[in-house]
């Protein structure tokens with residue numbers, strides 16, 4: 001039950017906007033008429049995208065900057081009213097939104113090994129949660145390994161690749177696995193600008209779905225907590241997989257897209 | 258001020274956020290499918306119900322007056 005940080009209506013200025021791929025747009029917003037925007041990693045906002053129309057988008061960062069800028073990652077593939085509105089935004093535009101919303105947050109008593117499974121733009125809230133956990137390991141529960149299993153169809157849609165790779169390099173307990181379900185024929189993981197010597201198809205790069213990576217990893221490690229966000233098929237398959245593997249269903253947390 | 262005489266929830270839009278249930282717990286609750294439903298008869302005061310309507314992240318809740326006209330809260 002949502003008991004704190006009840007949603008407020010506020011305006012925000014587009015602080016940055018970058019196209020990460022053909023469809024994925026990464027935006028930063030600076031709140032204007034509230035002293036600070038308080039939210040928990042994994043929550044989302046509701047953006048006014050037209051007269052009487054709002055769309056919900058997950059916040060893609062945890063607060064590390066005193067500027068108060070928060071980020072969204074939006075998949076504009078649907079070409080719906082929300083996507084068209086996002087594409088029309090320019091830096092400096094002022095938008096209206098409400099937030100924060102959502103219960104897909106990191107429990108304060110989290111512990112053990114934590115796995116995050118995300119597909120497509122479902123990586124947005126997961127990125128915020130990972131930033132929160134990695135940045136607060138000393139004061140959040142007793143977390144051991146953190147694994148991100150992230151999948152897209154095409155290599156072009158793999159967003160935040162270098163960002164997560166950097167976390168994996170600088171953090172002792174963060175592991176990053178990638179799956180591409182339909183990569184182009186010419187693609188090889190070694191094409192990616194990566195310092196990871198394991199940039200080959202194998203444990204860290206998989207041709208297929210992230211649930212297949214999960215099945216293999218489950219042979220050697222069982223997560224205490226699992227966070228899921230992305231394609232409904234992945235979420236259903238992953239929920240069944242982890243439940244059958246003995247993960248406490250109460251510790252399988254998810255956000256439906 | 259218009260008096261609320263009917264509350265409708267578009268369950269195809271509802272994403273089960275539950276903010277309505279928090280703001281007007283005597284009027285809304287999430288069902289077993291995670292969708293908001295109206296508790297009848299609703300007993301929250303009108304301001305709480307209007308806050309719940311305004312706060313719905315996807316504007317899935319509509320309220321109507323005694324003449325069947327939608328009451329705008331935005």
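Protein chains in written order, with our numbering: chain A, 1 to 257; chain B, 258 to 331. C-beta: ideal position from N, C-alpha, C; glycine also.
Outcome for residue i when other beta-carbon atoms lying within 10 angstroms are tallied against a minimum of 16
i: residue 123 (chain A); result: buried
i: residue 147 (chain A); result: buried
i: residue 32 (chain A); result: exposed
i: residue 225 (chain A); result: buried
i: residue 63 (chain A); result: buried
i: residue 94 (chain A); result: exposed
i: residue 3 (chain A); result: Reliability of the predicted coordinates at residue 3 (chain A) is poor, the pLDDT of 49 falling under 50, and the value obtained from them is presented with this limitation in mind. It is exposed - the Cβ of residue 3 (chain A) has fewer than 16 other Cβ atoms within 10 Å.
i: residue 54 (chain A); result: buried
i: residue 46 (chain A); result: buried
i: residue 242 (chain A); result: buried
8 Å Cβ cutoff, residue i in contact with chain A
i: residue 312 (chain B); result: yes
i: residue 301 (chain B); result: no
i: residue 243 (chain B); result: What the structure shows of chain B is the stretch from 258 to 331, and residue 243 (chain B) is not part of that stretch, so it cannot be assessed.
Identity of the residue in the options nearest residue i by Cα
i: residue 117 (chain A); options: A:126, A:110 and A:109; result: A:126
i: residue 278 (chain B); options: B:323, B:328, B:322 and B:318; result: B:318
i: residue 284 (chain B); options: B:315, B:274, B:302 and B:312; result: B:302
i: residue 255 (chain A); options: B:328, B:273 and B:266; result: B:273
i: residue 308 (chain B); options: A:202, A:40, A:7 and A:82; result: A:7
i: residue 160 (chain A); options: A:35, A:34, A:71 and A:44; result: A:71
i: residue 152 (chain A); options: A:247, A:137 and A:231; result: A:231
i: residue 201 (chain A); options: A:132, A:178, A:34 and A:163; result: A:178
i: residue 92 (chain A); options: A:84, A:252, A:28 and A:111; result: A:28
i: residue 10 (chain A); options: A:21, A:37 and A:18; result: A:37
Any chain B beta carbon closer than 8 Å to residue i
i: residue 107 (chain A); result: no
i: residue 56 (chain A); result: yes
i: residue 83 (chain A); result: no
i: residue 7 (chain A); result: yes
i: residue 101 (chain A); result: yes
i: residue 36 (chain A); result: no
i: residue 52 (chain A); result: yes
i: residue 148 (chain A); result: no
i: residue 98 (chain A); result: yes
Contact belief for residue i with residue j at Cβ below 8 Å, rounded distance in angstroms
i: residue 23 (chain A); j: residue 75 (chain A); result: 5 Å
i: residue 245 (chain A); j: residue 218 (chain A); result: 5 Å
i: residue 315 (chain B); j: residue 264 (chain B); result: The pair is not a contact, with the Cβ atoms about 16 Å apart (cut-off 8 Å).
i: residue 181 (chain A); j: residue 208 (chain A); result: 6 Å
Residues in the segment 262–279 of chain B having any Cβ partner in chain A nearer than 9 Å:
272, 273, 274, 275, 276, 278 and 279
Contacting positions in the segment 17–47 of chain A - beta carbon closer than 7 Å to chain B
46
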